[in-house]
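So the structure is just underneath, and the comments pick up after that.
In this note's numbering, the protein residues as written are 184 to 491.
Encoded structure:
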């Protein structure tokens with residue numbers, strides 16, 4: 184079975200929703216081309232941007248960094264990497280080691296920011312103080328805040344995160360289930376603040392399925408962490424993920440259909456969301472819809488040693 188693109192090499196992958204058979208070389212080229220297209224389509228970067236790629240040590244973020252390194256080497260932009268050390272013993276240690284090695288291989292500077300230095304407390308310590316709390320609710324919010332703080336310290340113009348097609352469609356369905364209209368309206372491949380209170384965030388892997396990212400990582404020889412987070416539980420997101428994967432098996436391309444629906448819904452909600460004014464958090468001064476931002480409200484009751 185020959186590759187549908189080059190007509191020469193043996194195909195190893197069938198992109199079912201397109202009916203395209205791809206060899207290793209053409210598969211890699213197609214993924215990279217789609218990332219380029221997404222960057223151009225959504226005007227994610229300027230030529231001389233300082234770009235901070237959020238790197239965790241997982242397949243998505245290391246694939247993102249690898250592709251960005253290829254693309255940005257053609258421009259005068261500056262590529263950096265930043266990682267957040269949540270302080271999860273035995274898990275984050277391995278991930279950061281992998282991230283360091285990959286950044287060294289690509290010759291990309293890496294800066295690590297820890298929960299301990301940012302908030303005065305590691306994730307393990309948060310769980311010791313309040314073992315009943317759902318860990319992902321703390322970790323996700325504090326990690327996002329840490330990425331923004333780290334990007335500001337690095338002088339980044341943009342933060343590139345490794346959110347992929349699966350992440351975006353799952354989040355869309357979760358927001359529908361929760362009735363969170365504002366989140367749908369504020370979502371998208373490029374998140375900005377006209378007043379410059381947070382570093383703009385972009386998602387170059389926005390249209391790349393998780394399956395293809397995994398394949399890209401393996402055939403590119405990218406070493407990544409496979410050990411799951413010890414705090415990962417049976418969250419609703421896991422059920423939504425399984426639902427979408429089952430639907431994709433029966434109806435190839437359904438994730439792209441959901442993504443298209445999300446974009447139409449978001450566009451319809453845009454004017455409504457635009458009327459909602461962000462205020463400054465009373466504690467940390469960062470933009471929020473409420474008097475106190477989510478991060479500050481989560482750890483307000485914890486005995487932290489460093490103010491937010």
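All residues carry an ideal CB built from backbone N, CA and C; glycine is no exception.
Starting from residue 293 and walking both ways along the beta strand (DSSP E), at which residues does that stretch end?
-> 293 to 297
C-alpha gap between residue 240 and residue 309, whole angstroms = 22 Å
For the putative contact between residue 293 and residue 405, defined by C-beta atoms under 8 Å, what is the C-beta separation to the nearest angstrom?
-> About 15 Å; that fails the 8 Å criterion.
For the candidate residues 398, 362 and 433, whose alpha-carbon lies nearest to that of residue 206?
-> 398
Under the three-state reduction of DSSP, which class applies to residue 198: helix, strand or coil?
-> strand
From residue 373 to residue 389, what does the alpha carbon distance come to, in whole angstroms?
-> 10 Å
When 203, 199 and 198 are compared against residue 190, the one with the closest alpha-carbon = 203
If you count every other CB in all the chains shown that lies within 10 Å of the CB of residue 381, and 16 or more means buried, which is it?
-> buried
Between the CA atoms of residue 449 and residue 423 - distance to the nearest angstrom = 20 Å
Residue 192 versus residue 211: straight-line alpha-carbon distance, rounded = 13 Å
Starting from the Cα of residue 415, find the closest Cα among 331, 306, 248 and 400 and give me that residue.
-> 306
What is the DSSP secondary structure of residue 422, counted as helix, strand or coil?
-> helix
Any idea which residues DSSP pairs residue 470 with across the strands?
-> 463
If we call anything under 8 Å between Cβ atoms a contact, is residue 383 one with residue 222?
-> no
Compare the beta carbon distance of residue 473 and residue 339 with 8 Å and say whether it is the shorter of the two.
-> no
Buried versus exposed, by CB contacts within 10 Å (16 or more), residue 427 = buried
Go through its chain and collect everything with a Cβ distance to residue 483's Cβ below 8 Å, but skip five positions before and after it.
-> 466 and 475
Return the chain-ordered list of same chain residues with a C-beta closer than 7 Å to the C-beta of residue 231, the five sequence neighbours on each side being excluded.
-> 259 and 260
Segments assigned alpha helix (DSSP H), at least 4 residues, entirely inside the stretch 233 to 319 | 242 to 255, 275 to 289, 298 to 302 and 306 to 312
Within this structure, are the beta carbons of residue 407 and residue 400 separated by less than 8 Å?
-> yes
What did DSSP end up calling residue 453 once you bin it into helix, strand or coil?
-> helix
Thinking just about the alpha-carbon of each residue, which of 378, 445, 332 and 337 is nearest to the one in residue 367?
-> 445
Give me whichever residues DSSP pairs with residue 193 in a beta bridge.
-> 185
Any 3 or more C-beta pairs closer than 8 Å across the stretch 318 to 329 and the stretch 272 to 289 = no
According to the neighbour-count rule (16 or more other Cβ atoms, all chains shown, within 10 Å of its Cβ), is residue 315 buried or exposed?
-> exposed
Looking at C-alpha atoms only, which residue of 272, 219, 370 and 378 is the closest neighbour of residue 353?
-> 370
Can you tell me the Cβ-Cβ gap for residue 330 and residue 237, rounded? I've got them flagged as a contact below 8 Å.
-> 5 Å
Just reading off the beta strand (DSSP E) that residue 342 is part of, what are its end residues?
-> 341 to 343
8 Å Cβ cutoff met for residue 350 and residue 392 | no
For residue 375, which of 471, 360, 300 and 341 has the nearest alpha-carbon?
-> 341
Cα-Cα separation between residue 464 and residue 470, rounded to whole angstroms = 6 Å
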